[in-house]
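Engineer: Sequential numbering of the sequence shown, starting at 12, is according to our numbering. Here a beta-carbon is modelled for each residue, glycine too, at the ideal position from N, C-alpha and C. Being a predicted model, the structure only gives us computed values, none of them experimental. Structure in structure tokens, see below.
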Amino acid sequence: MTDTTALLIGETTFPFHSIDEKGPELAAAIGDAADVTTTTDRDALCDLSEYDVLIDYLTDSELTEDQLEGVLSFVRDGGGYLPLHCGADLISTAAADPDELLDQREEPVPELRAVIGGHFLTHPEESEFGVDILEDHPVTDGVEDFQIFDEPYQLDVDDGDDSDLTILARMDHPDLEDYPIAWTRTEGDGRVCYISLGHTDEALQNESFRTLLRNAIAWTA
Ligand SMILES: [Zn+2]
12 MTDTTALLIG
22 ETTFPFHSID
32 EKGPELAAAI
42 GDAADVTTTT
52 DRDALCDLSE
62 YDVLIDYLTD
72 SELTEDQLEG
82 VLSFVRDGGG
92 YLPLHCGADL
102 ISTAAADPDE
112 LLDQREEPVP
122 ELRAVIGGHF
132 LTHPEESEFG
142 VDILEDHPVT
152 DGVEDFQIFD
162 EPYQLDVDDG
172 DDSDLTILAR
182 MDHPDLEDYP
192 IAWTRTEGDG
202 RVCYISLGHT
212 DEALQNESFR
222 TLLRNAIAWT
232 A
């Protein structure tokens, strides 16, 4: 057992990422890597002091100033930040029109985007693709290149020449360019790791994904 504590935050606003469904799968994937509390209460972000790691599975990027400041100060003061899959969707918001699911803000939440080092753009259909491991790193420890059936996330990532990201894994997809799948960076005293996988039940049960996730918790904690 570990004494690492993690807060998993999600929502039930959208059927496709409902934390009621994904939360138990994610908790099973995490196993004994952390003592996980799952919540949909965004005000929990205002004070994260009792947790080592924040696992962000939010699609709706709408945060109050206090909630956003809670996340930013948590990370800068040494907290672990692990946005997973839709956690990098910094554009979508819950639609005001009940006939629509999502609205889009004009630009991705800039403060969070800077902390993550990139943001979600779009994705084509769920499909089978390869994940190439690029770095020997505590997060990729014990993980070899693998195949997965999931949403192939296309992301805008700060991976240029002056990047402070360590890109750990990239997509090997028959029809898409090799988008980053996982990376790390630091923010103040905090460690950040983003993993773009984590939509389908197959992905959440994939042993390589689960190892990445557990390693990421241990590294960011
Ligand atoms: Zn998804």
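Roughly how many whole angstroms lie between the Cα atoms of Tyr205 and Gly90?
Structural biologist: Taking the first residue of the sequence shown as 1, we reach residue 205 at position 194. Taking the first residue of the sequence shown as 1, we reach residue 90 at position 79. Each residue's Cα considered, the two are about 14 Å apart.
Engineer: Measure the Cβ-Cβ separation of Ile20 and Asp67 and say whether it is below 7 Å.
Structural biologist: Within the sequence shown, numbered from 1, the residue matching residue 20 stands at position 9. Within the sequence shown, numbered from 1, the residue matching residue 67 stands at position 56. In contact: Ile20 and Asp67 (Cβ atoms closer than 7 Å).
Engineer: Check for me: the alpha helix (DSSP H) holding Thr211 runs from which residue to which?
Structural biologist: One-based indexing of the sequence shown puts residue 211 at position 200. Here Thr211 belongs to no alpha helix (DSSP H), and DSSP marks it neither H nor E.
Engineer: Could you pull the DSSP bridge partners for Thr133 from this structure?
Structural biologist: Position 122 of the sequence shown, counted from the first residue, corresponds to residue 133. In the DSSP output, where bridge partners are listed per residue, Thr133 has Gln165.
Engineer: Considering only C-alpha positions, which residue in the set Leu113, Glu137, Glu80, Gly81 is nearest to Ser207?
Structural biologist: Along the sequence shown, read from residue 1 onward, the residue named residue 207 stands at position 196. When only C-alpha atoms are compared, the closest one is Glu137.
Engineer: Label Thr15 either buried or exposed according to how many other C-beta atoms from any shown protein chain fall within 10 Å of its C-beta, with 16 as the threshold for buried.
Structural biologist: In the sequence shown, residue 15 corresponds to position 4, counting from 1. By the neighbour-count rule (16 or more Cβ atoms within 10 Å), Thr15 is buried.
Engineer: What residues does ligand 1 have around it, judged by CB closer than 5 Å to any heavy atom, in chain order?
Structural biologist: For ligand 1, the selected residues are Glu162, His210.
Engineer: At what residues does the beta strand (DSSP E) containing Gly141 begin and finish?
Structural biologist: By one-based count along the sequence shown, residue 141 stands at place 130. Here the beta strand (DSSP E) through Gly141 covers 138–144.
Engineer: Is Phe157 helix, strand or coil when you go by DSSP?
Structural biologist: Residue 157 sits at position 146 when you count from the first residue of the sequence shown. Phe157: strand per DSSP, three-state reduction.
Engineer: Buried or exposed, going by whether 16 or more other CB atoms sit within 10 Å of the CB of Leu227?
Structural biologist: Start at 1 with the first residue of the sequence shown, and residue 227 comes out as number 216. A small fix is needed here, since residue 227 is Ala in this sequence, not Leu. So Ala227 ends up on the buried side.
Engineer: Looking only at C-alpha atoms, which of Gly42, Gly34, Tyr62, Asp54 sits nearest to Leu18?
Structural biologist: Counting from 1 along the sequence shown, the entry for residue 18 is found at position 7. That would be Tyr62, whose Cα lies nearest to the Cα of Leu18.
Engineer: Could you spell out the range, first to last residue, of the alpha helix (DSSP H) harbouring Glu80?
Structural biologist: Translated into the one-based positions of the sequence shown, residue 80 becomes position 69. Per DSSP, Glu80 belongs to the alpha helix (DSSP H) from 76–87.
Engineer: Is the beta carbon of Thr70 closer than 7 Å to that of Asp110?
Structural biologist: What you label residue 110 is simply residue 99 of the sequence shown in a count that begins at 1. What you label residue 70 is simply residue 59 of the sequence shown in a count that begins at 1. No.
Engineer: Within the continuous beta strand (DSSP E) that includes Pro94, where are the two ends?
Structural biologist: Counting from one through the sequence shown, the residue named residue 94 turns up at place 83. 91–94 is the span of the beta strand (DSSP E), which, as asked, contains Pro94.
Engineer: Have a look at the DSSP bridge pairing and note the partners of Val126.
Structural biologist: On the sequence shown, position 115 is the one that residue 126 refers to. Looking at the DSSP assignment, Val126 forms no beta bridge with any residue, so it has no partner.
Engineer: So Asp161 and Ala107 are supposed to be a Cβ contact under 8 Å. How far apart are they, rounded?
Structural biologist: Locating residue 161 in the sequence shown gives position 150, where the first residue counts as 1. Locating residue 107 in the sequence shown gives position 96, where the first residue counts as 1. At roughly 30 Å, the Cβ-Cβ gap does not stay under 8 Å, so Asp161 and Ala107 are not in contact.
Engineer: So if DSSP puts Ala47 in a beta bridge, which residue, or which two residues, is it bridged to?
Structural biologist: Counted from its first residue, the sequence shown places residue 47 at position 36. Per the sequence shown, residue 47 should be read as Val rather than Ala. Answer is Ala17, bridged to Val47.
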